[in-house]
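Undergrad:
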Amino acid sequence: MSLYTDYMQEIETRKSELGLHAKPIDSAELLTEIIAQIRDTANPYREDSLKFFIYNTLPGTTPAASVKAAFLKEIILGDVVVPEITPKFAFELLSHMKGGPSIEVLLDLALSDNPEVAKPAAEVLKTQVFLYEADTERLEKAYKAGNPIAKEILESYARADFFTKLPELPEEIKVVTYVAAEGDISTDLLSPGNQAHSRSDRELHGQCMITPEAQNKIKELQAANPDAKVMLVAEKGTMGVGSSRMSGVNNVALWTGEPISPYVPFVNKAPIVAGTNGISPIFLTTVDVTGGIGLDLKNWVKKTDADGQTVVDENGDAVLEQKYAVDTGTVLTINTKEKKLYNGDTELADISASFTPQKIEFMRAGGSY
Numbered sequence: 442m443s444l445y446t447d448y449m450q451e452i453e454t455r456k457s458e459l460g461l462h463a464k465p466i467d468s469a470e471l472l473t474e475i476i477a478q479i480r481d482t483a484n485p486y487r488e489d490s491l492k493f494f495i496y497n498t499l500p501g502t503t504p505a506a507s508v509k510a511a512f513l514k515e516i517i518l519g520d521v522v523v524p525e526i527t528p529k530f531a532f533e534l535l536s537h538m539k540g541g542p543s544i545e546v547l548l549d550l551a552l553s554d555n556p557e558v559a560k561p562a563a564e565v566l567k568t569q570v571f572l573y574e575a576d577t578e579r580l581e582k583a584y585k586a587g588n589p590i591a592k593e594i595l596e597s598y599a600r601a602d603f604f605t606k607l608p609e610l611p612e613e614i615k616v617v618t619y620v621a622a623e624g625d626i627s628t629d630l631l632s633p634g635n636q637a638h639s640r641s642d643r644e645l646h647g648q649c650m651i652t653p654e655a656q657n658k659i660k661e662l663q664a665a666n667p668d669a670k671v672m673l674v675a676e677k678g679t680m681g682v683g684s685s686r687m688s689g690v691n692n693v694a695l696w697t698g699e700p701i702s703p704y705v706p707f708v709n710k711a712p713i714v715a716g717t718n719g720i721s722p723i724f725l726t727t728v729d730v731t732g733g734i735g736l737d738l739k740n741w742v743k744k745t746d747a748d749g750q751t752v753v754d755e756n757g758d759a760v761l762e763q764k765y766a767v768d769t770g771t772v773l774t775i776n777t778k779e780k781k782l783y784n785g786d787t788e789l790a791d792i793s794a795s796f797t798p799q800k801i802e803f804m805r806a807g808g809s810y
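Here my numbering is used: position 35 in the sequence shown is 476, and no number is missing along the way.
1) Let's see if you can read the secondary structure: which residues bound the alpha helix (DSSP H) around glutamine 648?
2) Can you tell me whether lysine 539 is buried or exposed? The criterion is at least 16 other CB atoms within 10 Å of its CB, across all chains shown.
3) Helix, strand or coil for glutamine 750? Go by DSSP, reduced to three states.
4) With respect to the alpha helix (DSSP H) encompassing alanine 790, which residues constitute its N-terminal and C-terminal limits?
5) Taking the runs of the alpha helix (DSSP H) that are 4 residues or longer, which of them lie wholly in the segment 581-625?
6) Taking the alpha-carbon of serine 543 as reference, which of Thr498, Gly587 and Ala586 has the nearest alpha-carbon?
7) Provide the residue span of the beta strand (DSSP E) that contains lysine 781, from first to last.
8) Is asparagine 740 helix, strand or coil when you go by DSSP?
9) Evaluate histidine 638 with the Cβ neighbour count: other Cβ atoms within 10 Å of its Cβ, from every protein chain shown; 16 or more gives buried, anything less gives exposed.
10) Locate the alpha helix (DSSP H) running through asparagine 691, then write down its first and last residues.
11) Any contact of the segment 595-609 with the segment 561-570, i.e. 3+ C-beta pairs under 8 Å?
12) Give the single residue among Met804, Asp576, Val508 and Thr774 whose Cα lies nearest to the Cα of glutamate 788.
13) Would you say phenylalanine 571 and glycine 541 are within 9 Å of each other, going by their C-beta atoms?
14) Starting from alanine 477, follow the alpha helix (DSSP H) in both directions and report where the run begins and ends.
15) So isoleucine 775 is in the beta strand (DSSP E); what residue range does that whole segment cover?
16) Straight-line CA distance for arginine 643 to glutamine 656?
17) Pull up the DSSP beta-bridge partners for valine 671, would you.
18) If you drop the 5 nearest sequence neighbours on each side, which residues of the same chain put their C-beta closer than 6 Å to that of arginine 640?
19) Are the beta-carbon atoms of serine 702 and proline 528 separated by less than 9 Å?
20) Would you check if the segment 733-745 and the segment 708-715 touch, i.e. whether three or more CB-CB distances between them fall below 8 Å?
21) At the level of alpha carbons, what is the spacing between asparagine 784 and glutamate 613?
22) Going by C-alpha distance, which of Phe494, Thr628 and Glu578 is nearest glutamate 846?
23) Taking the alpha helix (DSSP H) that glutamine 799 belongs to, which residues open and close that run?
24) Hey, would you say leucine 534 sits closer than 9 Å to tyrosine 704, going by beta carbons?
25) Quick one: using the 10 Å Cβ neighbour count with 16 as the cut-off for buried, is leucine 459 buried or exposed?
26) Here's the rule I'm using: 16 or more other beta-carbon atoms within 10 Å means buried, otherwise exposed. How should serine 795 be labelled?
27) Using only alpha-carbon positions, find the residue among Gly770, Gly719, Tyr765 and Pro798 that is nearest to lysine 778.
28) Between leucine 630 and alanine 715, what straight-line distance do the alpha-carbon atoms span, to the nearest angstrom?
29) Using 8 Å as the cut-off, can you tell me whether the segment 723-730 makes contact with the segment 665-678, which would need three or more C-beta pairs spanning the two stretches below that distance?
30) In terms of residue numbering, what span does the alpha helix (DSSP H) encompassing alanine 511 cover?
31) Pull the bridge partners of glutamate 676 from the DSSP assignment, please.
32) Which residues does DSSP pair with glutamine 763 in a beta bridge?
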């Protein structure tokens, strides 16, 4: 039995038992079989193999990424012809592979003697930020040897074209609220510790966020408000207290964020979260580095009497009064230029703390993923 046959059986099991998609591929051996089926134009599994290769292979430094990058290099050099993957498309796929072996391949091409591949490879490299020391040393060596492409790439890096050419933030971002809980929201609600074993399988782990009912409500809000992003809210509390910050943010992004790439499965960026008392510091940092937004709503305040003294209840606790509502389904607007939160034309809160220069840089860059 082949690895591909095993993979197809796993896909069927995930679909029938869990309602999930195919697990992203990180195995070099499996992807090698898939590539062999792509090369064979008569192979009955060729169409599915192309989809798995293009859309369902993990990027970065995974074993599968090395195999994928090497095959894309063959296509670009013309050593193999795949009608569905032109050299131009192969460069696009390399540009989405987030460092590792893809950078090695791009450098091989950019520093080659073939101008037809060197120039487009250089253009892709100018957009990449995941370079290791060995990669920059290759560029340095080529530059000192008088390679004009290496000089061009280094000058682009010096100008920070990889960042300055990114689009600005939209002036307005519409959100629709989902009150995930009243009071503090723990990361254990977003990514339960007893499900830690599934965190490497992002789609599977995403099934444990909050409750199935909450997940269905989020999908309903998305369907009813296609032009708005769902904003998770900790009403009368703080969002993201606890230690599972990375997996918690990953799950929130999976349900409410944006895909980092059409060619990278189940890795999302830019979630928007909020809390009456703001966001837990380490959770907020993690939201920031995924290109997301964390809002300190301050929508409930301590009630005061005519003398300015805090009103307390029979237990001695401060009585809170609502400044504005963020009930589930409320559509709000984040104005990134004014750094204000609005409901229609009504200004609700100053959110300038959520839009510091550093935070805006992460938002424009789509995070550090």
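Just so it is clear, CB atoms sit at the ideal spot from N, CA and C, and this is done for glycine as well.
Since the structure is predicted, the reported quantities are computational estimates derived from the model, not experimental observations.
TA: In brief:
1) On the sequence shown, position 207 is the one that residue 648 refers to. That residue, glutamine 648, is in no alpha helix (DSSP H); it is neither H nor E in DSSP.
2) Start at 1 with the first residue of the sequence shown, and residue 539 comes out as number 98. Burial call: buried.
3) As a working mapping, residue 750 is identified with position 309 in the sequence shown. Coil, per DSSP.
4) The residue you call residue 790 lines up with position 349 of the sequence shown. No alpha helix (DSSP H) holds alanine 790; the beta strand (DSSP E) holding it covers 787-791.
5) 589-599 and 602-605
6) To locate residue 543, count along the sequence shown from 1; it is residue 102. That would be Thr498, whose Cα lies nearest to the Cα of serine 543.
7) For the purposes of this step, residue 781 is identified with residue 340 of the sequence shown, where counting begins at 1. Start and end: 781-784.
8) Residue 740 sits at position 299 when you count from the first residue of the sequence shown. Coil, per DSSP.
9) Counting from 1 along the sequence shown, the entry for residue 638 is found at position 197. So histidine 638 ends up on the exposed side.
10) What you label residue 691 is simply residue 250 of the sequence shown in a count that begins at 1. Counting along the chain, the alpha helix (DSSP H) containing asparagine 691 begins and ends at 686-697.
11) yes
12) In the sequence shown, residue 788 corresponds to position 347, counting from 1. For the residues Met804, Asp576, Val508 and Thr774, the minimum Cα distance to glutamate 788 belongs to Thr774.
13) Residue mapping note: residue 571 aligns to position 130 of the sequence shown, counting from 1. Residue mapping note: residue 541 aligns to position 100 of the sequence shown, counting from 1. Yes. Within cutoff.
14) The residue you call residue 477 lines up with position 36 of the sequence shown. First-last of the alpha helix (DSSP H) with alanine 477: 469-480.
15) Translated into the one-based positions of the sequence shown, residue 775 becomes position 334. From DSSP, the beta strand (DSSP E) with isoleucine 775 extends over 772-776.
16) Locating residue 643 in the sequence shown gives position 202, counting from the first residue. Locating residue 656 in the sequence shown gives position 215, counting from the first residue. Arginine 643 and glutamine 656: Cα-Cα distance of roughly 15 Å.
17) Your numbering for residue 671 matches position 230 in the sequence shown. Answer is Val617, bridged to valine 671.
18) For this step, residue 640 is matched to residue 199 along the sequence shown. Only His646 and Ser688 meet the Cβ criterion.
19) For the purposes of this step, residue 702 is taken as residue 261 along the sequence shown, with counting starting at 1. For the purposes of this step, residue 528 is taken as residue 87 along the sequence shown, with counting starting at 1. No, these two residues do not count as a Cβ contact at 9 Å.
20) yes
21) Walking along the sequence shown from the start, residue 784 turns up at place 343. Walking along the sequence shown from the start, residue 613 turns up at place 172. Taking the straight line joining both Cα atoms gives about 12 Å.
22) Nothing about residue 846 can be reported from this structure: the residues present for the chain run from 442 to 810 only.
23) On the sequence shown, residue 799 is found 358 positions in, with the first residue counted as 1. That run of the alpha helix (DSSP H) goes 798-806.
24) Position 93 of the sequence shown, counted from the first residue, corresponds to residue 534. Position 263 of the sequence shown, counted from the first residue, corresponds to residue 704. Taking 9 Å as the Cβ cut-off, leucine 534 and tyrosine 704 qualify as a contacting pair.
25) The sequence position of residue 459 within the sequence shown is 18, counting from 1. Exposed is the call here.
26) As a position in the sequence shown, residue 795 is number 354, starting the count at 1. Serine 795 should be labelled buried.
27) If you number the sequence shown from 1, residue 778 lands on position 337. Among Gly770, Gly719, Tyr765 and Pro798, the Cα nearest to that of lysine 778 is on Pro798.
28) Taking the sequence shown and counting its residues from 1, one reaches residue 630 at position 189. Taking the sequence shown and counting its residues from 1, one reaches residue 715 at position 274. In a straight line, the C-alpha of leucine 630 is about 15 Å away from that of alanine 715.
29) no
30) Sequence index remark: in the sequence shown, residue 511 carries index 70 (1-based). Run containing alanine 511: 504-518, per the alpha helix (DSSP H) assignment.
31) Here residue 676 refers to the residue found at position 235 when the sequence shown is read from its first residue. Its beta-bridge partners are Glu623.
32) The residue given as residue 763 occupies position 322 in the sequence shown. Beta-bridge pairing links glutamine 763 to Trp741.
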